[in-house]
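Colleague: Okay, here's the structure, questions in a sec.
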Amino acid sequence: MSDDYLHRFLFDELDICGAVVRLGPAWRQMTERRAYPAPVIRLLGEISAVTVLFGSQLKQPGRLTLQLRGNGPVSLLLVDCDEQLRLRGMARCATPLVGETPPELLGDGQLLLSLDLPSLRQPYQSIVPLAGESLAEIFEHHLEKSEQLASRLFLAASPECAAGLLLQKLPAAETRDADGWARCTALAATLQAAELPSLPAEQLLRRLFPEETIRLFPARPVAYHCPEDWEKVRSMLRALGRSEVYAALREQGELVIQDEICQREYRFDASAIDRLFAGPATDLPPTVH
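The numbering of the sequence shown is our numbering, which starts it at 746 and goes up by one.
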């Protein structure tokens, strides 16, 4: 089995559902060549795990984006994924960092959730204040407000791995077993810091809930996906318009477009801009880094 996966599961007798996500190589690809301090690695890894947990609920082609924005030393955490659980992400932070917790690192901030689907005329967005001492608490609060479902999140991240466990109380849980939710959340709280990123999903669930009947669904693969996309950049330049693009070209000599999320640089010289506005461009500009 891949080291990058998501497993959904269901407590058959309790009407409680959940999911386990583990990110190994995909997480390391996302952060290679990015010299993030350890607290930023932890926060970005945790929000990456949450993004996959949330994105796994996409039932049609689309993209889910989670952003945490604040006025603290970490001004932005951004991760998105599509319905195939292909993700990418980045952080912006000042150095040196002061503090360890999300309130210390993010300051006063907001959680932005964006859902872009072909069936929507424009992306759906939800913006709420950050409420919680940890990322798990922030997203538990969001789930309870947005889905009206009690939820518990357990997150872990290091330079090598990011992982998450989600439990959600479904509407019929109280009638199936009045004590079931309290019992399962208490058992989940015994999770040790090293277990979430290291134990396979089946072993983890068996360790936490040895007496419960759990249906574990097949694993879904997760991948880092940040390909070169010249046409997207060309479309952006066309949208800016000929006069603005040529004005920038005269001032700078060439146009350099930075893709901060994917760590790519797109360069357009005068001849590439001429081709761009002469008609559909099919040949690539000469350089990319």
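Glycine included, C-beta positions come from ideal geometry on N, C-alpha and C.
(1) So within the segment 913-983, which uninterrupted alpha helix (DSSP H) runs reach at least 4 residues, ignoring any that extend past its ends?
(2) Counting C-beta neighbours from all protein chains within 10 Å, is the total for M835 16 or more, i.e. buried, or is it exposed?
(3) Can you tell me which of the three DSSP states A895 falls into?
(4) Suppose contacts are defined by Cβ-Cβ distances below 8 Å. Is L823 in contact with V967 by that definition?
(5) Can you name the start and end residues of the alpha helix (DSSP H) that R987 belongs to?
(6) If we count the other Cβ atoms within 10 Å of its Cβ and call it buried at 16 or more, is I872 buried or exposed?
(7) Among residues of its own chain, excluding the 5 on either side of H1034, which ones have a beta-carbon nearer than 6 Å to its beta-carbon?
(8) From the DSSP output, in three-state form, read off V824 for me.
(9) Starting from G790, trace the alpha helix (DSSP H) in both directions and tell me its first and last residue.
(10) Could you check which residue in W975, I1006, I1002 and R951 has the C-alpha nearest to that of L755?
(11) Do the segment 988-1003 and the segment 958-975 meet, that is, are 3 or more Cβ pairs less than 8 Å apart?
(12) Check for me: the beta strand (DSSP E) holding A764 runs from which residue to which?
(13) Check the DSSP bridge columns for G909 and list the partner residues they point to.
(14) Bridge partners of P874, per DSSP?
(15) Would E976 be called buried (16 or more neighbouring beta carbons within 10 Å of its own) or exposed?
(16) Mind checking whether L798 and A771 have CB atoms under 8 Å apart?
(17) In this structure, does DSSP put E889 in helix, strand or coil?
(18) Distance check for D974 and A1017, CA to CA, integer angstroms please.
(19) May I have the straight-line CA-CA distance separating R1012 from Y869, to the nearest angstrom?
(20) Measure the C-alpha to C-alpha separation of L911 and L865 and round it to an integer number of angstroms.
(21) Shortest alpha-carbon distance to D748 belongs to which of C906, V819, P874 and F884?
(22) Round the Cβ separation of I786 and P904 to the nearest angstrom and send it over; I've been treating them as touching at under 8 Å.
(23) Are the beta-carbon atoms belonging to L894 and I883 less than 8 Å from one another?
(24) Measuring alpha carbon to alpha carbon, tell me which of D757, M981, L811 and V795 ends up nearest D1004.
(25) Start and end of the beta strand (DSSP E) containing L691?
(26) Just reading off the beta strand (DSSP E) that E1002 is part of, what are its end residues?
(27) Which two residues bound the contiguous alpha helix (DSSP H) that contains L1021?
(28) Out of R831, A908, L803 and E878, state which residue places its alpha-carbon closest to the alpha-carbon of G854.
(29) With a threshold of 16 other CB atoms inside 10 Å of the CB of F1070, please say whether the residue is buried or exposed.
(30) Express the C-alpha separation of L830 and S801 in angstroms, rounding to a whole number.
Modeller: Considering the structure as presented:
(1) 918-921, 925-933, 940-943 and 946-953
(2) Numbered from 1 along the sequence shown, position 90 holds the residue referred to as residue 835. Buried, by the Cβ-count rule.
(3) Position 150 of the sequence shown holds residue 895. Coil.
(4) In the sequence shown, the residue the question calls residue 823 occupies position 78. In the sequence shown, the residue the question calls residue 967 occupies position 222. No, the pair does not count as a contact, with Cβ atoms beyond the cut-off.
(5) Position 242 of the sequence shown holds residue 987. Run containing R987: R987 to Q997, per the alpha helix (DSSP H) assignment.
(6) Reading the sequence shown from its first residue, position 127 is the one you call residue 872. Burial call: exposed.
(7) Within the sequence shown, residue 1034 is the residue found at index 289, counting from 1. Residue placement at H1034 cannot be trusted, given a pLDDT of 43 that sits under 50; the coordinates are not used to answer.
(8) Taking the first residue of the sequence shown as 1, we reach residue 824 at position 79. DSSP places V824 in strand when its eight states are reduced to three.
(9) For the purposes of this step, residue 790 is identified with residue 45 of the sequence shown, where counting begins at 1. That run of the alpha helix (DSSP H) goes A783 to G800.
(10) Position 10 of the sequence shown, counting from 1, holds the residue named residue 755. The residue with the shortest Cα to Cα distance from L755 is R951.
(11) no
(12) Here residue 764 refers to the residue found at position 19 of the sequence shown. Residues I761 to L768.
(13) On the sequence shown, residue 909 is found 164 positions in, with the first residue counted as 1. Paired residues: V766 and L900.
(14) Here the question's residue 874 lines up with position 129 in the sequence shown. Answer is Q855, bridged to P874.
(15) Start at 1 with the first residue of the sequence shown, and residue 976 comes out as number 231. Under this definition E976 is an exposed residue.
(16) In the sequence shown, residue 798 corresponds to position 53, counting from 1. In the sequence shown, residue 771 corresponds to position 26, counting from 1. No, the Cβ-Cβ distance between L798 and A771 is not below 8 Å.
(17) In the sequence shown, the residue the question calls residue 889 occupies position 144. Three-state DSSP puts E889 in a helix.
(18) Start at 1 with the first residue of the sequence shown, and residue 1017 comes out as number 272. Start at 1 with the first residue of the sequence shown, and residue 974 comes out as number 229. If you take the alpha carbons of A1017 and D974, they lie about 15 Å apart.
(19) Within the sequence shown, the letter at position 267 stands for residue 1012. Within the sequence shown, the letter at position 124 stands for residue 869. If you take the alpha carbons of R1012 and Y869, they lie about 32 Å apart.
(20) Here residue 911 refers to the residue found at position 166 when the sequence shown is read from its first residue. Here residue 865 refers to the residue found at position 120 when the sequence shown is read from its first residue. Their Cα atoms are separated by approximately 28 Å.
(21) The count along the sequence shown starts at 1 and reaches residue 748 at position 3. Taking only the C-alpha atoms, the option nearest D748 is C906.
(22) Within the sequence shown, residue 786 is the residue found at index 41, counting from 1. Within the sequence shown, residue 904 is the residue found at index 159, counting from 1. Indeed, because the Cβ distance is near 6 Å, the residues count as touching under 8 Å.
(23) In the sequence shown, the residue the question calls residue 894 occupies position 149. In the sequence shown, the residue the question calls residue 883 occupies position 138. No, these two residues do not count as a Cβ contact at 8 Å.
(24) Position 259 of the sequence shown, counted from the first residue, corresponds to residue 1004. The residue with the shortest Cα to Cα distance from D1004 is M981.
(25) In the structure displayed, the chain extends from 746 to 1034; residue 691 sits before or after that span and is not available.
(26) Within the sequence shown, the letter at position 257 stands for residue 1002. Note that residue 1002 corresponds to Ile in the displayed sequence, not to Glu. Counting along the chain, the beta strand (DSSP E) containing I1002 begins and ends at L1000 to D1004.
(27) As a working note, residue 1021 is residue 276 in the sequence shown. Taken as a continuous stretch (DSSP letters only), the alpha helix (DSSP H) holding L1021 covers A1015 to A1023.
(28) Here residue 854 refers to the residue found at position 109 of the sequence shown. The shortest C-alpha separation from G854 is found at E878.
(29) Outside the shown range of the chain, which is 746 to 1034, sits residue 1070, and nothing can be said about it.
(30) What you label residue 801 is simply residue 56 of the sequence shown in a count that begins at 1. What you label residue 830 is simply residue 85 of the sequence shown in a count that begins at 1. In a straight line, the C-alpha of S801 is about 7 Å away from that of L830.
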